[in-house]
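Let me begin by presenting the structure, written as C-alpha cells, before commenting on it.
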Amino acid sequence: MTEREVNARRPHAVVIGGGITGLAAARLLLRGGARVTVLEGSPRIGGKLRVSEIAGLPVDEGAESMLARRPEGLELVRDLGRAGDLVHPGTTSSAIFSHGALRPLPSGQVMGVPTDLAALARAQVLSPKGLARVPLDLVLPATPRGAADVSVADYVGARLGREAVDRLVEPLLGGVYAGRVEKLSFEATMASVAAASRGHRSLIAAVRGLRQGASDNTGPVFASLPDGLGALPHLVADAITAEGGTIRTDAMVRELRRTPTGWRLTVGPARDPEYLEADAVVVAVPAAPAARLLADEVPAASRELARIDYASMAIVTLVYPVSAFPRLPRVSGYLVPAVENRDVKAVTFSSIKWPHLRRNAPDLIAVRCSLGRYGEEHTLQRDDEDLRAAAVTELAATCGLTELPVASRVTRWGGGLPQYNVGHADVVARIRAAVAGQPGLAVAGAAYDGLGVPACIATARAAATRVLEHLDSRGELRHGNGEGEQAQGARPEPGDPLHDVVGLPGEDAR
Ligand SMILES: Cc1cc2nc3c(=O)[nH]c(=O)nc-3n(C[C@H](O)[C@H](O)[C@H](O)COP(=O)(O)OP(=O)(O)OC[C@H]3O[C@@H](n4cnc5c(N)ncnc54)[C@H](O)[C@@H]3O)c2cc1C
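Under the UniProt record's numbering, the first residue of the sequence shown is numbered 1, with each subsequent residue one higher.
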C-alpha cells in the first residue's frame with residue numbers, strides 16, 4: 001500500500017475553529033494517528049491571537065502574554081522546538097488608577113484580595129473609609145454560603161466591603177473578562193480563592209493560606225514570543241502541515257450532522273455548500289457558533305452554550321517617541337476601575353513590559369489601551385478616530401505625555417471575551433454531560449474552563465484525548481510517534497492554584 005493509501009485509511013478527525021484551541025487539538029490528534037483537517041471560517045488562523053507590525057514593531061492585537069506558571073502554553077512552545085525563543089516581561093509590577101491618581105497595586109494581593117493590610121494602606125487605592133472596612137473581614141461572622149455559586153460582588157463585598165470590590169477586585173477581573181462583578185461567578189473567575197474561602201471564615205485568612213501553600217516557583221510569571229504571542233498559532237499550523245495535516249481558511253462550518261459512522265459537516269456558503277465526512281469532530285469555536293452547530297444533534301448542549309454571554313472590547317495601540325514621556329513608566333501597565341468612569345479600562349506599556357521591543361526600537365514606546373466592558377456597548381459604538389482620541393487623552397492625563405503618537409492602530413474584538421457568570425460551572429457541566437453522549441464529538445475553547453491561552457490548550461488536550469479514545473475503541477487508529485506533548489490521558493489541569501487566570505496587567509502572581 002502506498003503512503004497515500006495508508007493515510008486515506010486513517011480515521012478522519014475534523015477540528016472546527018483555527019484558534020489556538022483548535023490548532024493545539026489538531027496537532028495532538030495528528031500525533032495520535034488520525035488524519036486531521038482544521039476548518040477555519042475566517043480568512044486567517046489564530047482567532048484572538050493576532051500580531052501585526054506597527055511603526056516597525058511586532059505588537060500583538062489580541063492576547064499578548066500567557067501565564068508561564070501553568071504548564072500547557074510553555075509545553076506547546078517547547079514541543080514546537082521553540083523554548084529558546086520564549087521572552088518574559090522585564091517587569092510585572094503594575095498600578096491602579098484610583099481616586100484620581102495612579103497607585104501601586106498593593107503587594108500580596110491575589111485577584112485583588114489583599115493579604116498585607118499595611119501594604120494596602122500604603123498603596124492608597126482605597127479611601128480611608130474603604131480601607132477601614134477591609135479588616136472587619138477578620139472578625140465578622142462567616143458569610144452564609146450554601147453549595148450554590150455567588151457573584152464576586154456579593155461574596156467579596158460581604159467580606160471586604162464594596163469599595164475593595166470596586167477598586168481592587170473589579171479592575172483585576174475586568175482586565176481578564178471585561179465583565180461585571182455583580183454578574184461574574186466567584187467560583188469560576190476566582191476559583192482558587194473561592195475554594196480556599198470554603199475552609200475559612202475570613203477571606204483574607206483564606207488567601208493568606210493560599211499564598212503560603214503556593215508552590216515556590218520563582219520563575220517568570222508570563223511568557224510570549226519575540227514576534228508576539230500572535231506568532232504562536234502560525235508555528236503550530238506550520239507543524240500541523242509539516243506532519244501531514246490540512247488547514248483550510250475561509251471554510252465556515254454551518255451544520256453538523258450525525259451519520260451512521262460519524263459526522264457530516266456542511267461547509268461554505270449556503271448557495272454552494274460542500275459536505276465533509278468525519279469520524280470524529282472537535283468543536284473549538286466560541287459559545288454562540290458552537291450553540292448553532294450543536295443545535296440539531298445535541299440540543300441540550302446548544303441551549304446551555306447559548307446562555308454564555310460575551311463582552312466586546314477594543315485595543316488601541318499607540319506608538320510614541322520616547323521623548324513624549326516626561327518620565328518613563330516603571331510599571332508594565334495599569335488598570336482602571338469601572339467606578340472611575342473612564343473609557344480606557346487597562347493600559348499596557350508594551351515596550352516597558354517586553355524588553356525585546358525596547359531593544360529593537362529604543363526611541364519608541366508602544367502602548368496598548370483596552371476599552372469596553374460588558375454592558376458598556378456605547379463605549380465601542382464610536383468610530384476608530386474617537387477611540388484613538390480617548391486613548392490619547394487617557395495617556396496624556398495619566399502619564400503627562402507632551403507629544404502625539406507617531407503611529408496608531410485600532411483593533412475591535414466584537415464578542416471577544418466569554419463571561420463566566422454566576423452558575424458558569426454548572427452550565428459547563430451540563431454541556432459536557434450532553435456532549436459525552438455523542439461518540440466522537442468533543443468541545444473545547446475559551447468558553448469552558450478558563451479563557452487564558454494555557455487553559456484553552458488544556459481543553460484542547462482533553463478534547464483530543466476524548467476523540468482519540470473513541471477512535472482507538474473502534475480499532476481504527478494507527479498510533480503516532482507519541483513524542484512531546486501528550487494527548488492520551490491529558491485532562492484540563494488547574495495548575496498552580498494562584499495562577500489559573502490569564503495574565504493581564506495588574507496580576508500579582510508572586
Ligand atoms: C483582546 C484580548 C486580549 C486577550 N489577552 C489575553 C492574554 O494576554 N493572555 C491570555 O492568556 N489570554 C488572553 N485573551 C484570551 C485568549 O486570547 C482567548 O481566550 C483564546 O485565544 C481563545 O482561543 P480559542 O481558540 O478558544 O478561540 P478563538 O481564538 O475565538 O478561535 C476560534 C476560531 O473559530 C473560528 N470559527 C468560529 N465559528 C466558526 C465556524 N462555524 N466554522 C469555522 N470556524 C469558525 C473563528 O473565526 C476563530 O478563528 C485575550 C482575549 C482578547 C479578546
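Just so it is clear, CB atoms sit at the ideal spot from N, CA and C, and this is done for glycine as well.
Note that the structure is predicted; figures quoted are calculated from it, not measured.
So what does DSSP say about S98, is it helix, strand or coil? Reduced to three states, the DSSP call for S98 is strand.
Cβ separation of G372 and L380, assumed to be a contact under 8 Å, to the nearest whole Å: About 5 Å separates the Cβ atoms of G372 and L380, confirming a contact at the 8 Å cut-off.
Tell me the rounded alpha-carbon separation between V339 and G157. The alpha-carbon atoms of V339 and G157 are separated by roughly 15 Å.
Euclidean distance between Cα positions of E335 and V344: First, the amino acid is wrong: residue 335 is Leu here, not Glu. Approximately 9 Å between the Cα atoms of the pair.
Going straight from the alpha carbon of L117 to that of P135, what length do you get? Taken atom to atom, the span from the alpha-carbon of L117 to that of P135 is near 8 Å.
In terms of alpha-carbon separation, which member of M111, E274, A288 and A223 lies closest to G445? It is A288.
According to DSSP, simplified to helix, strand and coil, what is A278? In the structure shown, the three-state DSSP call for A278 is strand.
Look at the Cβ atom of T465, then the Cβ atom of T21, and state whether they are nearer than 8 Å. The answer is no: Cβ separation not under 8 Å.
Give me, in chain order, the residues of the same chain whose beta-carbon lies closer than 6 Å to that of H424; leave out the 5 immediate sequence neighbours on both sides. Same-chain partners within the cutoff: S185 and A188.
Less than 8 Å between C-beta atoms, sequence neighbours within five positions excluded: which residues of the same chain meet that for A270? Counting only residues of its own chain and dropping the five nearest sequence neighbours on each side, A270 has a CB closer than 8 Å to the CB of R254.
Whole angstroms are fine: how far does the CA of G175 sit from the CA of L105? Roughly 13 Å separates the two Cα atoms.
Classify R198: buried if its beta carbon has 16 or more other beta carbons within 10 angstroms, exposed otherwise. By the 10 Å Cβ count, R198 comes out exposed.
What did DSSP end up calling K48 once you bin it into helix, strand or coil? Of the three classes helix, strand and coil, the one that applies to K48 here is coil, per DSSP.
State the Cα-Cα distance for the pair S192 and S332, rounded to the nearest angstrom. When rounded, the distance between both Cα atoms is 25 Å.
The stretch 348-358 contacting the stretch 42-55, beta-carbon criterion three pairs below 8 Å: Verdict: no, contact absent.
Taking its Cβ as the centre, do 16 or more other Cβ atoms sit within 10 Å of H378, making it buried, or is it exposed? Exposed is the call here.
According to DSSP, simplified to helix, strand and coil, what is P289? Note: P289 maps to helix in three-state DSSP.
Just verifying my parser: in three-state terms, what is the DSSP assignment at I247? Three-state result, I247: strand.
Distance check for G33 and G489, CA to CA, integer angstroms please. Bear in mind that a pLDDT of 39 at G489, under 50, signals an unreliable position, so the model cannot answer this.
Please indicate yes or no: does the CB of A171 lie closer than 7 Å to some heavy atom of ligand 1? At residue 171 the sequence reads Pro, which differs from the Ala that was named. No, ligand 1 has no heavy atom inside 7 Å of this Cβ.
Leaving out five residues on either side along the sequence, give the residues of the same chain with a beta carbon under 6 Å from the beta carbon of G62. Cβ within range, chain order: K48, L49 and R50.
So if DSSP puts D60 in a beta bridge, which residue, or which two residues, is it bridged to? Its beta-bridge partners are V51.
CA-CA distance, G204 and A442? Note on residue identity: the sequence assigns Ile, not Gly, to residue 204. Within the model, the alpha-carbon separation for I204 versus A442 is close to 39 Å.
Give me the Cα-Cα distance between G375 and L168, rounded to the nearest whole angstrom. Rounded to whole angstroms, G375 and L168 show a C-alpha spacing of 20 Å.
What is the DSSP secondary structure of I240, reduced to helix, strand or coil? In the structure shown, I240 falls within a helical segment according to DSSP collapsed to helix, strand and coil.
Alpha carbon to alpha carbon, what distance is there between S65 and V139? Between V139 and S65, the C-alpha separation is close to 39 Å.
In chain order, what residues of the same chain have a beta carbon less than 8 Å from the beta carbon of G415, not counting five sequence neighbours either side? Cβ within range, chain order: P286, A288, Y310, A311 and S312.
Hey, is P71 close to ligand 1, as in C-beta under 7 Å from one of its heavy atoms? It does not: the Cβ of P71 is nowhere closer than 7 Å to a heavy atom of ligand 1.
For the stretch 144-172, which segments carrying the alpha helix (DSSP H) assignment without a break, of at least 4 residues, lie completely within its bounds, in sequence order? Taking only runs of at least 4 residues, the alpha helix (DSSP H) segments lying wholly in the stretch 144-172 are 152-160.
Distance cut-off 7 Å: G47 Cβ against heavy atoms of ligand 1: Taking 7 Å as the cut-off, one finds at least one heavy atom of ligand 1 near enough to the beta carbon of G47.
Where does L371 fall in DSSP's three states? Residue state, collapsed to three classes: strand.
Limits of the beta strand (DSSP E) - the one that S408 falls within: Taken as a continuous stretch (DSSP letters only), the beta strand (DSSP E) holding S408 covers A407 to P418.
Rounded distance between the beta-carbons of A278 and H12, thought under 8 Å: Yes, they are in contact, since the Cβ atoms of H12 and A278 sit about 5 Å apart, within 8 Å.
DSSP-derived helix/strand/coil call for E483: For E483, the pLDDT reaches just 47, beneath the cut-off of 50, and the residue's location in the model is therefore unreliable, although a value from the coordinates is still provided. Reduced to three states, the DSSP call for E483 is coil.
DSSP three-state assignment for G437, whether helix, strand or coil: Reduced to three states, the DSSP call for G437 is coil.
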